[in-house]
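Single-structure report; data block below.
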(Lines of atoms letter the chains of each structure in order from A and count residues from 1; the text may use other names and numbers.)
(Lines give C-alpha, C1' and ligand atoms only; values in the text may rest on other atoms or scores of the structure.)
Protein backbone atom coordinates (compact mmCIF):
# COMPACT_ATOMS: atom_id res chain seq x y z
CA UNK A 1 0.00 0.00 0.00
CA UNK A 2 2.80 2.39 0.92
CA UNK A 3 4.68 1.47 -2.27
CA UNK A 4 1.56 2.23 -4.31
CA UNK A 5 1.19 5.65 -2.65
CA UNK A 6 4.88 6.39 -3.20
CA UNK A 7 4.59 5.40 -6.87
CA UNK A 8 1.50 7.60 -7.31
CA UNK A 9 3.24 10.59 -5.74
CA UNK A 10 6.32 10.04 -7.92
CA UNK A 11 4.23 9.96 -11.10
CA UNK A 12 2.32 13.04 -9.94
CA UNK A 13 5.58 14.92 -9.32
CA UNK A 14 6.89 14.01 -12.79
CA UNK A 15 3.64 15.20 -14.41
CA UNK A 16 3.68 18.33 -12.28
CA UNK A 17 7.24 19.16 -13.36
CA UNK A 18 6.49 18.44 -17.03
CA UNK A 19 3.36 20.58 -17.22
CA UNK A 20 4.93 23.32 -15.11
CA UNK A 21 7.72 23.60 -17.67
CA UNK A 22 5.17 23.67 -20.50
CA UNK A 23 3.15 26.37 -18.74
CA UNK A 24 6.28 28.41 -18.11
CA UNK A 25 7.18 28.21 -21.79
CA UNK A 26 3.70 29.35 -22.84
CA UNK A 27 3.42 32.16 -20.28
CA UNK A 28 7.03 33.33 -20.44
CA UNK A 29 6.23 36.37 -22.63
CA UNK A 30 3.54 37.67 -20.26
CA UNK A 31 4.87 36.36 -16.96
CA UNK A 32 6.29 39.76 -15.99
CA UNK A 33 2.91 41.40 -16.72
CA UNK A 34 1.10 38.83 -14.56
CA UNK A 35 3.51 39.41 -11.67
CA UNK A 36 3.23 43.17 -12.14
CA UNK A 37 -0.56 42.86 -12.08
CA UNK A 38 -0.34 40.86 -8.86
CA UNK A 39 1.71 43.62 -7.24
CA UNK A 40 -0.74 46.34 -8.35
CA UNK A 41 -3.55 44.13 -7.02
CA UNK A 42 -1.89 44.41 -3.61
CA UNK A 43 -2.79 48.12 -3.56
CA UNK A 44 -6.20 47.58 -5.19
CA UNK A 45 -7.11 44.97 -2.60
CA UNK A 46 -6.16 47.34 0.21
CA UNK A 47 -8.34 50.11 -1.27
CA UNK A 48 -11.21 47.66 -1.84
CA UNK A 49 -11.00 46.65 1.81
CA UNK A 50 -11.47 50.29 2.81
CA UNK A 51 -14.49 50.58 0.48
CA UNK A 52 -16.11 47.28 1.42
CA UNK A 53 -18.02 48.63 4.47
CA UNK A 54 -19.75 51.12 2.14
CA UNK A 55 -20.19 48.78 -0.85
CA UNK A 56 -22.18 45.58 -0.57
CA UNK A 57 -20.51 43.55 -3.32
CA UNK A 58 -16.80 42.71 -3.29
CA UNK A 59 -16.53 42.82 -7.09
CA UNK A 60 -17.96 46.33 -7.18
CA UNK A 61 -15.55 47.42 -4.45
CA UNK A 62 -12.63 46.10 -6.50
CA UNK A 63 -13.85 47.90 -9.64
CA UNK A 64 -14.20 51.14 -7.67
CA UNK A 65 -10.72 50.68 -6.20
CA UNK A 66 -9.25 50.21 -9.68
CA UNK A 67 -11.04 53.36 -10.86
CA UNK A 68 -9.81 55.35 -7.85
CA UNK A 69 -6.27 54.18 -8.57
CA UNK A 70 -6.60 55.08 -12.26
CA UNK A 71 -8.18 58.54 -11.81
CA UNK A 72 -4.98 60.35 -10.68
CA UNK A 73 -3.03 58.73 -13.52
CA UNK A 74 -5.65 59.83 -16.08
CA UNK A 75 -5.78 63.38 -14.68
CA UNK A 76 -2.01 63.72 -14.74
CA UNK A 77 -1.91 62.33 -18.29
CA UNK A 78 -4.62 64.80 -19.37
CA UNK A 79 -2.78 67.73 -17.78
CA UNK A 80 0.48 66.64 -19.42
CA UNK A 81 -1.07 66.32 -22.89
CA UNK A 82 -2.86 69.66 -22.47
CA UNK A 83 0.36 71.40 -21.46
CA UNK A 84 2.25 69.81 -24.35
CA UNK A 85 -0.44 71.09 -26.71
CA UNK A 86 -0.03 74.61 -25.30
CA UNK A 87 3.73 74.38 -25.74
CA UNK A 88 3.25 73.32 -29.36
CA UNK A 89 0.87 76.24 -29.96
CA UNK A 90 3.35 78.69 -28.42
CA UNK A 91 6.19 77.35 -30.56
CA UNK A 92 4.07 77.47 -33.70
CA UNK A 93 2.88 80.99 -32.93
CA UNK A 94 6.44 82.16 -32.38
CA UNK A 95 7.48 81.12 -35.89
CA UNK A 96 7.33 83.95 -38.46
CA UNK A 97 4.72 83.58 -41.17
CA UNK A 98 6.25 82.88 -44.57
CA UNK A 99 6.08 85.65 -47.19
CA UNK A 100 5.75 84.25 -50.70
CA UNK A 101 7.20 87.28 -52.50
CA UNK A 102 10.14 87.57 -50.12
CA UNK A 103 10.82 83.85 -50.41
CA UNK A 104 10.86 84.01 -54.23
CA UNK A 105 13.21 87.03 -54.18
CA UNK A 106 15.55 85.30 -51.70
CA UNK A 107 15.59 82.10 -53.77
CA UNK A 108 16.42 84.11 -56.92
CA UNK A 109 19.21 86.00 -55.15
CA UNK A 110 20.66 82.77 -53.74
CA UNK A 111 20.48 81.11 -57.16
CA UNK A 112 22.27 84.04 -58.83
CA UNK A 113 24.92 84.09 -56.12
CA UNK A 114 25.52 80.37 -56.51
CA UNK A 115 25.79 80.63 -60.28
CA UNK A 116 28.26 83.53 -60.05
CA UNK A 117 30.36 81.70 -57.52
CA UNK A 118 32.20 79.70 -60.14
CA UNK A 119 33.93 76.66 -58.59
CA UNK A 120 31.82 76.97 -55.45
CA UNK A 121 28.76 76.10 -57.51
CA UNK A 122 29.58 72.38 -57.45
CA UNK A 123 30.18 72.42 -53.69
CA UNK A 124 26.85 74.16 -53.10
CA UNK A 125 25.04 71.66 -55.31
CA UNK A 126 26.59 68.75 -53.41
CA UNK A 127 25.62 70.37 -50.11
CA UNK A 128 22.03 70.77 -51.27
CA UNK A 129 21.99 67.13 -52.38
CA UNK A 130 23.27 66.01 -48.98
CA UNK A 131 20.61 68.06 -47.22
CA UNK A 132 17.92 66.60 -49.48
CA UNK A 133 19.17 63.06 -48.78
CA UNK A 134 19.21 63.74 -45.04
CA UNK A 135 15.65 65.05 -45.14
CA UNK A 136 14.53 62.03 -47.18
CA UNK A 137 16.19 59.62 -44.73
CA UNK A 138 14.56 61.43 -41.80
CA UNK A 139 11.15 61.14 -43.43
CA UNK A 140 11.71 57.43 -44.12
CA UNK A 141 12.80 56.87 -40.51
CA UNK A 142 9.78 58.75 -39.17
CA UNK A 143 7.39 56.78 -41.39
CA UNK A 144 9.04 53.55 -40.25
CA UNK A 145 8.60 54.51 -36.61
CA UNK A 146 4.92 55.31 -37.18
CA UNK A 147 4.39 52.00 -38.98
CA UNK A 148 6.17 50.11 -36.18
CA UNK A 149 4.04 51.83 -33.56
CA UNK A 150 0.81 51.05 -35.42
CA UNK A 151 1.93 47.44 -35.90
CA UNK A 152 2.64 47.13 -32.16
CA UNK A 153 -0.81 48.39 -31.13
CA UNK A 154 -2.43 44.90 -31.10
CA UNK A 155 0.36 43.57 -28.87
CA UNK A 156 0.10 46.64 -26.64
CA UNK A 157 -3.67 46.19 -26.38
CA UNK A 158 -3.18 42.53 -25.45
CA UNK A 159 -0.64 43.46 -22.76
CA UNK A 160 -3.05 46.01 -21.26
CA UNK A 161 -5.87 43.43 -21.20
CA UNK A 162 -3.60 40.84 -19.52
CA UNK A 163 -2.49 43.42 -16.95
CA UNK A 164 -6.05 44.55 -16.14
CA UNK A 165 -7.36 40.99 -15.79
CA UNK A 166 -4.36 40.07 -13.62
CA UNK A 167 -5.02 43.04 -11.35
CA UNK A 168 -8.73 42.23 -11.05
CA UNK A 169 -8.43 38.50 -10.39
CA UNK A 170 -5.48 38.78 -8.03
CA UNK A 171 -7.38 41.45 -6.11
CA UNK A 172 -10.53 39.31 -6.02
CA UNK A 173 -8.98 35.88 -5.48
CA UNK A 174 -5.82 36.94 -3.65
CA UNK A 175 -6.72 35.09 -0.45
CA UNK A 176 -7.31 31.84 -2.33
CA UNK A 177 -3.98 32.16 -4.14
CA UNK A 178 -2.10 32.85 -0.91
CA UNK A 179 -3.94 29.97 0.78
CA UNK A 180 -2.97 27.66 -2.09
CA UNK A 181 0.71 28.58 -1.66
CA UNK A 182 0.47 28.12 2.11
CA UNK A 183 -1.06 24.65 1.65
CA UNK A 184 1.95 23.61 -0.43
CA UNK A 185 4.44 24.76 2.19
CA UNK A 186 5.03 23.44 5.71
CA UNK A 187 3.14 25.00 8.62
CA UNK A 188 6.16 26.10 10.65
CA UNK A 189 7.16 29.35 12.38
CA UNK A 190 9.93 29.81 9.81
CA UNK A 191 7.52 29.88 6.87
CA UNK A 192 5.15 32.15 8.81
CA UNK A 193 8.03 34.60 9.15
CA UNK A 194 8.71 34.27 5.41
CA UNK A 195 5.07 35.17 4.63
CA UNK A 196 5.36 38.27 6.81
CA UNK A 197 8.65 39.30 5.20
CA UNK A 198 7.25 38.90 1.67
CA UNK A 199 4.24 41.02 2.62
CA UNK A 200 6.55 43.72 4.01
CA UNK A 201 8.69 43.60 0.84
CA UNK A 202 5.62 44.06 -1.37
CA UNK A 203 4.50 47.05 0.69
CA UNK A 204 7.95 48.63 0.65
CA UNK A 205 8.38 48.25 -3.12
CA UNK A 206 5.04 49.81 -4.04
CA UNK A 207 5.38 52.72 -1.61
CA UNK A 208 9.05 53.30 -2.41
CA UNK A 209 8.63 53.54 -6.19
CA UNK A 210 5.73 55.99 -5.93
CA UNK A 211 7.39 58.14 -3.26
CA UNK A 212 10.68 58.30 -5.18
CA UNK A 213 8.90 59.48 -8.33
CA UNK A 214 7.07 62.18 -6.33
CA UNK A 215 10.27 63.31 -4.58
CA UNK A 216 12.17 63.45 -7.88
CA UNK A 217 9.37 65.46 -9.51
CA UNK A 218 9.17 67.97 -6.63
CA UNK A 219 12.94 68.50 -6.48
CA UNK A 220 13.02 68.93 -10.25
CA UNK A 221 10.21 71.54 -10.12
CA UNK A 222 12.31 73.54 -7.64
CA UNK A 223 15.33 73.24 -9.93
CA UNK A 224 13.38 74.34 -13.01
CA UNK A 225 11.88 77.27 -11.10
CA UNK A 226 15.28 78.50 -9.90
CA UNK A 227 16.75 78.23 -13.40
CA UNK A 228 13.82 80.09 -14.94
CA UNK A 229 12.34 77.40 -17.18
CA UNK A 230 8.77 77.84 -18.44
CA UNK A 231 6.12 75.15 -17.84
CA UNK A 232 7.81 73.95 -14.65
CA UNK A 233 4.82 71.80 -13.60
CA UNK A 234 4.81 70.03 -16.95
CA UNK A 235 8.56 69.44 -16.77
CA UNK A 236 8.22 68.19 -13.18
CA UNK A 237 5.50 65.70 -14.15
CA UNK A 238 7.53 64.47 -17.12
CA UNK A 239 10.58 64.07 -14.87
CA UNK A 240 8.56 62.14 -12.28
CA UNK A 241 7.13 59.78 -14.91
CA UNK A 242 10.57 59.35 -16.48
CA UNK A 243 11.67 57.75 -13.21
CA UNK A 244 9.82 54.65 -14.42
CA UNK A 245 11.61 54.61 -17.80
CA UNK A 246 14.27 51.86 -17.78
CA UNK A 247 17.96 52.65 -18.30
CA UNK A 248 17.73 56.38 -19.19
CA UNK A 249 15.26 57.53 -16.53
CA UNK A 250 15.03 61.30 -15.93
CA UNK A 251 17.92 61.95 -18.30
CA UNK A 252 15.26 62.14 -21.01
CA UNK A 253 14.29 65.51 -19.51
CA UNK A 254 17.54 66.74 -17.94
CA UNK A 255 19.62 65.87 -20.99
CA UNK A 256 17.16 67.35 -23.49
CA UNK A 257 16.91 70.64 -21.57
CA UNK A 258 20.68 70.87 -21.15
CA UNK A 259 21.45 70.18 -24.82
CA UNK A 260 18.81 72.67 -26.02
CA UNK A 261 20.19 75.37 -23.70
CA UNK A 262 23.76 74.77 -24.83
CA UNK A 263 22.82 74.85 -28.53
CA UNK A 264 20.68 77.99 -28.15
CA UNK A 265 23.33 80.10 -26.46
CA UNK A 266 22.66 79.46 -22.77
CA UNK A 267 25.46 77.04 -21.87
CA UNK A 268 25.61 77.99 -18.18
CA UNK A 269 22.00 76.99 -17.52
CA UNK A 270 22.43 73.91 -19.69
CA UNK A 271 25.43 72.70 -17.69
CA UNK A 272 23.71 73.50 -14.37
CA UNK A 273 20.53 71.55 -15.20
CA UNK A 274 22.60 68.54 -16.31
CA UNK A 275 24.91 68.54 -13.27
CA UNK A 276 22.24 69.29 -10.63
CA UNK A 277 19.82 66.90 -12.36
CA UNK A 278 22.46 64.18 -12.14
CA UNK A 279 22.91 64.91 -8.43
CA UNK A 280 19.14 64.76 -7.77
CA UNK A 281 18.76 61.51 -9.71
CA UNK A 282 21.77 59.96 -7.97
CA UNK A 283 20.57 60.90 -4.48
CA UNK A 284 17.04 59.60 -5.16
CA UNK A 285 18.13 56.30 -6.76
CA UNK A 286 21.24 55.49 -4.74
CA UNK A 287 20.24 56.74 -1.29
CA UNK A 288 16.55 57.61 -0.83
CA UNK A 289 15.12 54.61 -2.73
CA UNK A 290 17.00 51.81 -0.92
CA UNK A 291 16.70 53.69 2.39
CA UNK A 292 12.91 53.93 2.08
CA UNK A 293 12.64 50.29 1.01
CA UNK A 294 14.68 49.20 4.00
CA UNK A 295 12.39 51.04 6.43
CA UNK A 296 9.56 48.53 5.90
CA UNK A 297 11.57 45.31 6.05
CA UNK A 298 14.78 43.81 7.40
CA UNK A 299 16.24 43.35 3.92
CA UNK A 300 19.47 45.31 3.43
CA UNK A 301 19.06 48.48 1.28
CA UNK A 302 21.83 47.28 -1.07
CA UNK A 303 19.70 44.26 -1.99
CA UNK A 304 16.85 46.55 -3.01
CA UNK A 305 19.21 48.83 -4.95
CA UNK A 306 20.48 45.90 -7.03
CA UNK A 307 16.91 44.71 -7.60
CA UNK A 308 15.69 48.15 -8.70
CA UNK A 309 18.58 48.74 -11.12
CA UNK A 310 18.91 45.35 -12.78
CA UNK A 311 15.19 44.58 -12.65
CA UNK A 312 14.56 47.64 -14.83
CA UNK A 313 17.38 46.65 -17.19
CA UNK A 314 16.08 43.12 -17.74
CA UNK A 315 12.28 43.50 -17.53
CA UNK A 316 11.66 47.17 -18.33
CA UNK A 317 9.02 49.08 -16.37
CA UNK A 318 7.62 46.00 -14.53
CA UNK A 319 11.19 45.19 -13.49
CA UNK A 320 11.23 48.24 -11.19
CA UNK A 321 8.68 46.36 -9.08
CA UNK A 322 9.40 42.70 -9.87
CA UNK A 323 13.21 42.96 -9.65
CA UNK A 324 13.44 44.03 -6.00
CA UNK A 325 10.65 41.58 -5.10
CA UNK A 326 12.54 38.60 -6.53
CA UNK A 327 15.90 39.68 -5.10
CA UNK A 328 14.32 40.53 -1.73
CA UNK A 329 12.50 37.19 -1.43
CA UNK A 330 15.70 35.37 -2.43
CA UNK A 331 17.57 37.21 0.31
CA UNK A 332 14.88 36.31 2.87
CA UNK A 333 14.99 32.63 1.86
CA UNK A 334 18.79 32.52 2.21
CA UNK A 335 18.56 34.28 5.57
CA UNK A 336 15.97 31.81 6.89
CA UNK A 337 17.99 28.88 5.54
CA UNK A 338 21.06 30.20 7.36
CA UNK A 339 19.08 30.52 10.60
CA UNK A 340 17.78 26.94 10.29
CA UNK A 341 21.29 25.63 9.65
CA UNK A 342 22.57 27.46 12.73
CA UNK A 343 19.79 25.91 14.84
CA UNK A 344 20.63 22.42 13.55
CA UNK A 345 24.34 22.94 14.21
CA UNK A 346 23.64 24.11 17.75
CA UNK A 347 21.41 21.10 18.44
CA UNK A 348 24.06 18.64 17.21
CA UNK A 349 26.76 20.07 19.46
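Numbering (full-length UniProt numbering), first residue to last: 1 to 349.
Every residue gets a Cβ at the ideal spot worked out from N, C-alpha and C, and that includes glycine.
- Considering only 245, 63, 202, 259, the residue with the shortest C-alpha distance to residue 165 is 63.
- Using a 10 angstroms sphere on the CB of residue 345, the tally of other CB atoms stays under 16, which defines it as exposed.
- Between residue 241 and residue 317 the beta-carbon gap is near 11 Å, outside 8 Å, which marks them as no contact.
- Residue 341 carries a helical assignment under DSSP once its states are collapsed to helix, strand and coil.
- DSSP places residue 266 in no alpha helix (DSSP H); its state is neither H nor E.
- Within the same chain, and ignoring the five residues on either side of residue 200 in sequence, the residues whose Cβ sits closer than 7 Å to its Cβ are 296, 297.
- The C-beta of residue 36 has 16 or more other C-beta atoms within 10 Å across all chains shown, which makes the residue buried.
- Assigned with DSSP and collapsed to three states, residue 56 falls in coil, not helix or strand.
- Taken through DSSP and simplified to helix, strand or coil, residue 185 comes out as coil.
- By the Cβ-count criterion, residue 284 is buried, with 16 or more other Cβ atoms from all chains shown falling within 10 Å of its own Cβ.
- Segment contact: the segment 66 to 82 against the segment 217 to 231, fewer than three CB-CB distances shorter than 8 Å; contact not assigned.
- The segment 44 to 55 makes contact with the segment 168 to 176, as at least three CB pairs between them are under 8 Å.
- Sixteen is the threshold: when 16 or more other Cβ atoms of the shown chains lie within 10 Å of the Cβ of residue 250, as they do, the residue is buried.
- Counting only the Cα atoms, residue 338 lies some 14 Å from residue 347.
- The DSSP-derived three-state label of residue 316 is coil.
- Taking the C-beta atoms as reference points, residue 294 is found no nearer than 8 Å to residue 310.
- Leaving aside the five residues that flank residue 238 on each side, the residues in its chain whose CB is nearer than 6 Å to its CB run, in chain order, 253.
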